[in-house]
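Reviewing the structure listed below.
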Amino acid sequence: MSRPRGAWLLAALWASPLGVPALSACREEPGTETLRPLSRHPAQIDWTWDLPPGFPEPIVPADNPMSAPSVELGRHLFHDERLSLSGTQSCASCHQQALAFTEGLAHSVGSTGQPHPRGALSLANVAYMGSLTWANPVLVRLEAQVLIPIFGTDPVELGWSGRERELEERLRAEPRYVELFDAAYPEEEEPIAVRNVVRSLATFQRTLISGDSPVDRYRAGDVDALSAAARRGLDLFESDALRCSSCHAGFALSDAALSEETGDFELLFHNTGLYDVDGEGAYPAGGTGLFATSGRPEDMGAFRTPGLRNIALSAPYMHDGSVASLDEVLDHYARGGRLVTSGPHAGDGRENPFKDPRIAGFVLSDDDRASLLAFFDALTDEAFVTDPWFGDPW
Amino acid sequence: MKVAAARSRLVSARGLRYSRPSVSRLAPRAPRRSFGTSAPAAAMVMPLALALPLALAGCGSEETPGAGGGGGGPATADQAVTIRFDARALDRPLDCSARYDQLGTEPVDVGLRDFRFYLHAVRLVGRDGVEVPVALDQDGVWQQGDVVLLDFEDGAGTCVNGNPGLHEAVTGTVPAGDYVGLRFKLGVPFEVNHTDVTASVPPLDVTSLFWGWGEGRIFLSAVTSRTTEEGKLDLFAFQLASTGCEGDPRRGEVVACSSPNRVEVDFPAFDLASQVVVADLGVLLAETPIVTAASCMGTSSEPSCQPLFERIGLDAESGAETPDTQVFFRASAP
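As you go down the protein sequences, you meet chains A and B in turn. For the first sequence, the working numbering gives the first residue as 735, with consecutive numbering after it. For the second sequence, the working numbering gives the first residue as 438, with consecutive numbering after it.
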């Protein structure tokens, strides 16, 4: 099993009615004399990651350390529809565990009915993402991203802009939250505060680590974990002819991932030739990628490389959900860019001048295609999408 | 100690109509002053004068360089200053409960939804041409360090998601002297602009003035609302923020912005006793067809941004300051 087992054990101990039997194992951290002695809460117990083979430790901000109670609080908040102003939506409404925390839609719909320009992105291994959402070099920590669904007005998602005190009042009315916040942030006089909503949602999301797919088990030495077709698909995926793994690289299958062990790192965004609506490389308005924030012409259509675990569960594909199936994804890359033949987005993405030169096209036999699809299927981590530790606690 | 300080701030915060969160992680600061009631601007001129210890300006100023440095030597007498701001729609005062038909390029019936902006680096210029920083009163709500939030919406009428409090004047102290000019910057300094809104002290804790996608504050929020013929709510929003920002994923921080979009405003002749600074929504929107134009929010590339940027003194394309085109603020009789 490859999940942060040790941490969850702590969560279980904390949640037990017998109190906190593990306290004798606590030790004081040097230089943290402002923290209270560990007399009643396990929040300061050192967090231990129990990671899948080959997974390095994620970067955790110093001002939001991992702790079992914080994760458990975050899980409650994540699955609580009271986290929308209207009481109709939780984070999990759009980030559904069974779909690897996606929704199966090209456009999610916020709690007021306003459609979102994007569908819910998978949260698998989000702890490792150097930047969050599809093409935003500003959002470099989960604590910053969490604010968008809670407070965003364009579009409205959970609807709390300017109403943070109301949110806190609502949470205070739930007795379980009084206990959960107190356990997670015991050093604070008034722990039920929006900043701790944000912090705990971030710590919960950092535990959403997926690395127990058949492909992972195969790589860890279980040669029977993959079918012959999936093994062949893996070889093709990593081949010089296809070059998929030059961007879908490393343990996270994304060159946008970093960890405590990463050396030099640069945020990378790529144009894969999905569109060329004006013959000069433009992507459709509202979906111009990194260009929207940088204004640099060469950033047109550049998006972050998503990780690929559970990819068979996270259709539709690409930033705008404009590719319905993995079969069509292969068509797009095999052609070296997509041809849109009609409509307002017509144009040949293959000729996009800003396209990453590695998207050069390739030829697939029917057998190759079937092998690649078998490989994609073998990236599904059944434990991840069914694990009750990530599920609805209410 | 730490816990006790946090509690006392929380208790005092509850006295405010527009209560703000206690922020136990940050250093203690000046006690809150209860002027959350929507008093008219004139009533908010507070005779602080010598009663305000200079040391007050230092509270929390490690976060906000540049504040309170103008005290000079210990022997210098300080004088209180109040710089009044008026929010107008051309010849009318801005009010959440009023209707307007002269905003934008065509007559259309609209209400106000939001009108707030942040200023920092407020300075007075002496007759000798020397500028001195105004050490802002640290009121725990609107003014902190070098930053002040001016708020002209009272949460009533069409100002949905607003708050009852108003803040229509900058108050502080300067060394006693003869001042003839006023300078300030529209916006929030970089050093505090990209901090966590949920863990910040007022006035940087306002979630409705935080632009999540850009991870920074909205410097100016000017929003009108109207009801369409189909009965739908239709907003036109100009929300100015730093753009082109980039973060460092290892540090989890924003490190630079290619278009800071802060604006230096300079009134070489400004009489504190007889003049106010008018912030005019009518002038701002004079070239904008607010029914058909796309909102200009957190971007400068939207075509609708061009005249709006120009009127606050920025070039939308380059992000450069263009002081000669700044007409949004003007010095005027009250």
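Backbone N, C-alpha and C fix where the C-beta goes; we use that ideal spot for every residue, glycine too.
Checklist entry - Using the rule of at least 16 other Cβ atoms within 10 Å of the residue's Cβ for burial, across every protein chain shown, is A802 (chain A) buried or exposed? => result buried
Item to check | Cβ-based neighbour list, A975 (chain A), same chain, cut-off 6 Å, excluding 5 preceding and 5 following | outcome: F1096
Item to check | Nearest-angstrom Cβ-Cβ length linking H829 (chain A) and L857 (chain A), presumed shorter than 8 Å | outcome: 6 Å
Checklist entry - Distance, Cα to Cα, L892 (chain A) vs D1100 (chain A)? => result When rounded, the distance between both Cα atoms is 45 Å.
Item to check | Closer than 7 Å at the beta carbon, the chain A residues around E683 (chain B) | outcome: Contact note: E683 (chain B) reaches chain A through P871 and V872, using a C-beta cutoff of 7 Å and chain order.
Next on the checklist: Below 9 Å on C-beta distance, what does T759 (chain B) contact in chain A?
Outcome noted: Result: empty, since nearest Cβ-Cβ is about 18 Å, beyond 9 Å.
Checklist entry - In angstroms, rounded to a whole number, what distance separates the CA positions of S979 (chain A) and F1088 (chain A)? => result 20 Å
Item to check | Euclidean distance between Cα positions of W783 (chain A) and P686 (chain B) | outcome: In this structure, the CA atom of W783 (chain A) is about 20 Å from the CA atom of P686 (chain B).
Next on the checklist: Would you say T691 (chain B) lies against chain A (beta-carbon separation less than 8 Å)?
Outcome noted: Rather than Thr, the amino acid found at residue 691 (chain B) in this sequence is Val. Chain A, which has a Cβ nearer than 8 Å to the Cβ of V691 (chain B), makes this yes.
Next on the checklist: Tell me which residues of the stretch 783-801 of chain A have at least one Cβ-Cβ distance to chain B shorter than 7 Å, keeping chain order.
Outcome noted: Taken in chain order, the members of the stretch 783-801 of chain A whose beta-carbon sits within less than 7 Å of a beta-carbon on chain B are I793 and P795.
Checklist entry - Does the distance from the C-beta atom of G1035 (chain A) to that of L1001 (chain A) stay below 8 Å? => result no
Next on the checklist: Count Cβ pairs between the stretch 618-637 of chain B and the stretch 697-707 of chain B that sit closer than 8 Å; are there 3 or more?
Outcome noted: yes
Checklist entry - In chain B, which residues lie less than 7 Å from L935 (chain A) when you measure between Cβ atoms? => result Within 7 Å Cβ-Cβ: nothing; L935 (chain A) doesn't reach chain B, min ~11 Å.
Checklist entry - Since T664 (chain B) and E898 (chain A) are thought to touch, with beta carbons under 8 Å apart, how far apart are those beta carbons, to the nearest angstrom? => result Not a contact, Cβ separation roughly 28 Å.
Next on the checklist: Closest to H1053 (chain A) by C-alpha separation, out of A:L866, A:P1122 and A:F789, would be which residue?
Outcome noted: A:L866
Item to check | Neighbourhood of A730 (chain B) by C-beta distance below 6 Å, restricted to the same chain and skipping five residues each side | outcome: Here the set comprises S741.
Item to check | Closest Cα partner of G1029 (chain A) within the set A:P787, A:N870 and A:F885 | outcome: Of A:P787, A:N870 and A:F885, the residue nearest in Cα terms is A:N870.
Checklist entry - Straight-line CA distance for R809 (chain A) to F938 (chain A)? => result 6 Å
Next on the checklist: By alpha-carbon positions, which one of A:F971, A:E921, A:E902 and A:P790 ends up nearest to F1109 (chain A)?
Outcome noted: A:F971
Item to check | Beta-bridge partners of V713 (chain B), as assigned by DSSP | outcome: B:S769
Next on the checklist: Is it buried or exposed, W1128 (chain A), if we count other Cβ atoms within 10 angstroms and call 16 or more buried?
Outcome noted: Burial call: exposed.
Checklist entry - Hey, F1003 (chain A) and G1023 (chain A): beta-carbon distance below 8 Å or not? => result Their beta carbons are under 8 Å apart, which means F1003 (chain A) touches G1023 (chain A) by this criterion.
Checklist entry - Quick one: what's R1072 (chain A) bridged to in DSSP? => result DSSP lists no partner for R1072 (chain A).
Checklist entry - Using the beta-carbon count (16 or more within 10 Å), is V567 (chain B) buried or exposed? => result exposed
Item to check | Partners in chain B for S865 (chain A), counting only beta-carbon separations shorter than 8 Å | outcome: G684 and P686
Checklist entry - When DSSP labels each residue in this structure, what does D576 (chain B) get in the three-state scheme? => result coil
Checklist entry - Counting along the chain, where does the alpha helix (DSSP H) carrying V912 (chain A) start and finish? => result First-last of the alpha helix (DSSP H) with V912 (chain A): P909 to A918.
Next on the checklist: Any beta carbon of chain A sitting closer than 8 Å to that of T665 (chain B)?
Outcome noted: no
Checklist entry - With DSSP run on the structure shown, which of helix, strand or coil describes I520 (chain B)? => result strand
Item to check | Contacts of G599 (chain B) in chain A (Cβ-Cβ under 9 Å) | outcome: G896
Checklist entry - Is D1129 (chain A) near P786 (chain A), with beta carbons less than 8 Å apart? => result Any answer about residue 1129 (chain A) is impossible in this case: the structure gives chain A only from 735 up to 1128.
Item to check | G614 (chain B) to G563 (chain B) span [Cα, whole Å] | outcome: 7 Å
Checklist entry - Given that E422 (chain B) touches chain A, what residues does it touch there, using C-beta distances under 7 Å? => result Here chain B covers residues 438 to 771 and nothing more, so residue 422 (chain B) does not appear.
Checklist entry - Assuming R748 (chain B) and T661 (chain B) make a contact with CB atoms under 8 Å, what is their CB distance in whole Å? => result Incorrect: roughly 15 Å between the Cβ atoms, too far for contact.
Checklist entry - Cα separation between R525 (chain B) and R536 (chain B)? => result 13 Å
Item to check | Local conformation of Q581 (chain B) per DSSP, three classes | outcome: strand
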